[in-house]
Amino acid sequence: MNIKTLLYGWSCLALMAPHLCSAQFFDDFSDGDFTSGPAWTGDDGLFRINGDLQLQLYDETAGEAGLYSSAGLYSAMEWCCRVKLSFSPSANNNGRIYLWTGPGDTLKPPDGIFLQFGESGSDDAIRLMLQEGGDTSTLIRGNTGTIAGSFDCRVKVVFEGGLWQLYADHAGSGSFLPEGNCYGDLPDSNGNIGVFCKYTSSNSRKFYFDDFYAGPVQYDTTPPEALQVAILPPDGLEVVFSEALEEESACLTDNYFVDGGVGHPVACYPANGNPSVMMLQFAHELPYGMLLKLAAGGVKDLSGNAMLPDTLAFSWYETEKYDIVINEIMADPSPPAGLPEHEYLELFNTTSLPVDLAGWTLVVGTAEKDLTGARMAPGGYLIIGKDDAAAELAAFGTFFGLESFSLTNAGQHILLSDSNGAVVSNVTYSSKWYGDEEKAGGGWSLEQINPYNPCLQADNWAASQDFKGGTPGGINSVYEDIYVEAGITGACVADSQRIRLEFNQSLGTDFTLYPGIFSIDHDAGPVEAILPEDPWFTSFILYPAHKLKPGITYSLECKGHIRNCLGDSVLISQSVELGLPEEPETGDLVINEVLFNPFPGGSDYVELYNRSDKAVSLTGLRLTSISDRAPAPPDTSICTIEDRCRVLLPGEYALLCENFTGVDNYYLCSETAMVAEPEGFPSYSNEAGMVLIMDAGMGVIDRFDYHEDMHYPLLNIVEGVSLERIHHDRPATDATNWHSASQLAGFGTPGYRNSQFSAGATGRDEVSVSPGVFSPGTDGYLDHTEISYRFGEAGYLGSIMLFNASGRMVRHLVNNELL
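If you're matching positions, the sequence shown starts at 6 in the numbering used here and goes up one per residue.
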């Protein structure tokens, strides 16, 4: 009996018992082998199992190749497989999936029943075909144009009750949609299932096959589910179901209901012919900013299974900045303090509405990550990490895995943007934010202090205080409901026509529209324009009406209402002084205080003082450490104090340190001094060394050679004690111009006048002593005295004796030495 007779003489075979098959056929190539379990034979040297565990054609030249494996038949039969062709199929480049071919057929390609993928023209469709005696005919032609280009789809063929049915899943959703049917019969014996490829050399490795099944019909007994709902403003909803739906029940408006006074839809229809997605149209505009619930029930799938009643929450709400915030950063999980040893990032939903992150982008450094598929509950958290961290991190809360994910320990820029590309949250973290050298070493996360006030930027972050090292998926251990008024933290004249202004937090984007809140004295005129300098709106460039002049200290006043990043209106009434900077010369900028042996966990620091009458630019200046003597490259380290605009006005101090927190934790620091934390801050020896301030051309501005013996000799311990310059007009090379900082001042005065400062003798006598009575010690009260002499000619000899309060000589300091 020939094949065609079997297919079209279906009436006689429909009553037959099951065929000789004893087991269904299945192969997903998960064992990495196609030569056994089950065995495929044929042109086996032209195929391989690739890294994705798919059967792949792997030839080098043009040709034809096929593989076949024995498979049985049932009276009710189903075939299913996945086919991927990474090119546009044609008459010379096409593929076949054989549902049945005779086991002894030697034709190439053999006679049989097969699915054809590719044809002449540009309207390629999946076709169920018959080949007999080398001649082919089409039994079912699927939807036109569905495989005209490269494609990856799943195909299913069902024979039942004499009816052949063709289905396809082009979207990869798992829902097979009908493509056509015809009447016929099955062959009357078991045969082979197989693949066949016809190709040119350019496509000889672009055929992929997977997930073969041939056996009894797999009946659908699972009811459909409503997976998600999306709003289509102003009056529509899109509801996505788990599978294709039976149209009559799916389009019945009584099967859907929205609370909040909305009611049933007035119309319902499939989306663009997709029966697994339904469009609902309502009579009136949906409420904005309200959490609503869609109730659905009674909807059936194509097999007649009715869904169980279910509800999905949704809202019509346009995401605003900081609705979702970056809330916790675990950049260095090693060594772990208690959490799994994985990097992670935590997001927090500050709103009372659910947020779907479809189309959202997370940028970490330069790497962009698509967050489609992630959803956040109202007030909920989302932990983001690598896929392989899911098993451990998901135990702490909702987890979203990425194929690749990496955070740098020292710091990085992280940006979260919505589906429209608008920035929702961003942060540039730094290892200095830990404020704790031990925690910065690994195992501890950085946590946001107040997620509802992200405008504070760096001041809103701290190292976790939780014993595990972090709080993924839960409220931060450092959480505090803090609120800081907006204010100016720095002002610098970049040049005669530009003033750089820094604020303590992010401001609203409309800040640039209000130059009129600023005024400048000395006829510099009003501010004519404001431009943002950074994407966080914390730094701005102001353009005064008239050029600033050197040698003048200007007062810039800001008075008016502005908005911070959250849109809160705040009043600023503040003035700052500034001046047009000049390059410092030797003696303009002096080293005024040095801490070279800090407390454990503390930081070295160098204090500078502008003793000149001009504004001095710190931009490009170098801070240097020399442990032995110059030149000594192995012992020398140099860093740039500032790359950006920083200006020191006459009489102002600058505090240079590696980590300001390591200074602020131990000393009373000035709130007005300029603080700089230059990258590569030099390491200063605890015993002796050299501090140098140099200009950009490596010219020396000031130099201080220190030694721990310069400390007050009665101090048993000098750890944590700074050396202070007694007077900035006396040279740093004079060892008698340095003294240990006062104990009453905390052994350090970073950023303000030294505790041991002395104006020195000012009299016009030949010999002056100031003060005449002194009390040596470290209490900061008359700790030292200064003896000055002024003679009209050389040749004098001098003796100096010190007496205690009782008049007894305690030391002969100088004995007849040449003055």
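Glycine residues also receive a C-beta, built at the ideal position from the N, C-alpha and C atoms.
query = Skipping 5 residues on each side, what residues in its chain have a beta carbon closer than 8 Å to that of T355?
reply = Counting only Cβ-Cβ distances below 8 Å, and skipping sequence neighbours, we find Y327, D328, I329, V330, G384, P456 and Y457.
task = Give me the Cα-Cα distance between L506 and G302, rounded to the nearest whole angstrom.
result = In this structure, the straight-line span from the alpha carbon of L506 to that of G302 is close to 60 Å.
ask   = Excluding sequence positions up to five away, which residues of its chain have a Cβ less than 6 Å from the Cβ of P280?
value = Within the same chain, Cβ atoms closer than 6 Å to the Cβ of P280 are found at A249 and L250, the five residues on either side in sequence being excluded.
task = Go to S254, then tell me how far its beta strand (DSSP E) extends in each direction, as first and last residue.
result = The continuous stretches of beta strand (DSSP E) do not include S254, which lies in the alpha helix (DSSP H) extending over residues E252 to A255.
key: Whole beta strand (DSSP E) elements within the stretch 484 to 570, 3-residue minimum   = Look at the stretch 484 to 570 and you find these whole runs of beta strand (DSSP E), each 3 residues long or longer: 493 to 500, 503 to 508, 523 to 525, 530 to 537, 544 to 549 and 559 to 568.
query = What residue from A81, E137 and S804 has the CA that sits closest to L824's CA?
reply = It is S804 whose Cα lies nearest to the Cα of L824.
Alpha-carbon spacing of M134 relative to L60, whole angstroms = Each residue's alpha carbon lies about 23 Å from the other.
CB of S630 within 7 Å of CB of P687, strictly = P687 sits close to S630, with the two beta carbons spaced by under 7 Å.
request  = Return helix, strand or coil for C187, following the three-state DSSP convention.
outcome  = Here C187 sits in strand by DSSP.
query = Comparing alpha-carbon positions, which option in G751, Y274 and H732 lies nearest N742?
reply = Closest by alpha carbon: H732.
Sheet register partners of Y204 (DSSP bridge) = Beta-bridge pairing links Y204 to G68.
request  = Following the continuous beta strand (DSSP E) through E83, name the residue where it begins and the one where it ends.
outcome  = Per DSSP, E83 belongs to the beta strand (DSSP E) from M82 to L90.
request  = Kindly indicate the opening and closing residues of the beta strand (DSSP E) around D669.
outcome  = Counting along the chain, D669 falls outside any beta strand (DSSP E), though it belongs to the alpha helix (DSSP H) covering F665 to D669.
ask   = Would you report the Cα separation of S35 and A399, rounded to the nearest angstrom?
value = Their backbone Cα atoms lie some 27 Å apart in a straight line.
task = Per DSSP, which residues does P108 bridge with? Please list them.
result = According to DSSP, P108 shares a beta bridge with no other residue.
task = Can you tell me which of L547, P341, A44 and S608 puts its alpha carbon nearest to the alpha carbon of D441?
result = With distances taken between Cα atoms, D441 lies closest to S608.
query = What separation, rounded to the nearest whole angstrom, lies between the Cα atoms of L451 and A468?
reply = Each residue's alpha carbon lies about 5 Å from the other.
message = So the candidates are S155, T111 and G139; which of them puts its Cα closest to the Cα of A130?
response = From the listed residues S155, T111 and G139, the smallest Cα separation to A130 is found for S155.
key: Classification of P589 by the beta-carbon crowding that lies within 10 angstroms, buried from 16 upward   = It counts as buried.
Per-residue DSSP class, three states only, for A810 = The answer is coil: DSSP assigns A810 none of H, G, I, E or B.
message = Buried or exposed for N197, going by 16 or more other Cβ atoms inside 10 Å?
response = Burial is judged here by how many other beta carbons sit within 10 angstroms of a residue's own beta carbon; N197 has at least 16 and is buried.
query = Looking at C-alpha atoms only, which residue of K564, V668, I557 and L628 is the closest neighbour of P605?
reply = Of the listed residues, the one whose Cα sits closest to P605 is V668.
query = Nearest to D33 by CA position, among D464, T46 and I54, is which residue?
reply = For D33, the closest C-alpha among the options D464, T46 and I54 is that of I54.
query = At which residues does the alpha helix (DSSP H) containing E397 begin and terminate?
reply = Residues A395 to L398.
Cβ-based neighbour list, S851, same chain, cut-off 6 Å, excluding 5 preceding and 5 following = For residue 851 there is no data in the structure shown, the boundaries of the chain being 6 and 824.
ask   = V200 and A255: beta carbons closer than 7 Å?
value = No, they are not a contact pair.
inquiry  = Our contact map puts Y614 next to V595 with C-beta atoms below 8 Å; I'd like the distance itself, whole angstroms only.
reply    = About 5 Å separates the CB atoms of Y614 and V595; that is less than 8 Å, so the two are in contact.
ask   = By the 10 Å Cβ neighbour count, where 16 or more other Cβ atoms means buried, how is H716 classified, buried or exposed?
value = Residue environment for H716: buried (at least 16 other C-beta atoms within 10 angstroms of its C-beta).
query = Distance, Cα to Cα, L257 vs M283?
reply = Rounded to the nearest angstrom, the two C-alpha atoms are 11 Å apart.
query = Do you know how far the Cα of V815 is from the Cα of N809?
reply = V815 has its alpha-carbon roughly 6 Å from the corresponding atom of N809.
key: Same chain, Cβ closer than 7 Å to S93, five either side skipped, listed in chain order   = Within the same chain, Cβ atoms closer than 7 Å to the Cβ of S93 are found at A153, G154 and S155, the five residues on either side in sequence being excluded.
request  = Locate the beta strand (DSSP E) running through A96, then write down its first and last residues.
outcome  = Here A96 belongs to no beta strand (DSSP E), and DSSP marks it neither H nor E.
message = Three or more C-beta pairs under 8 Å: does that hold for the stretch 668 to 678 against the stretch 621 to 630?
response = No: fewer than three Cβ pairs fall under 8 Å.
query = What separation, rounded to the nearest whole angstrom, lies between the Cα atoms of S745 and E692?
reply = Distance between the alpha carbons of S745 and E692: 14 Å.
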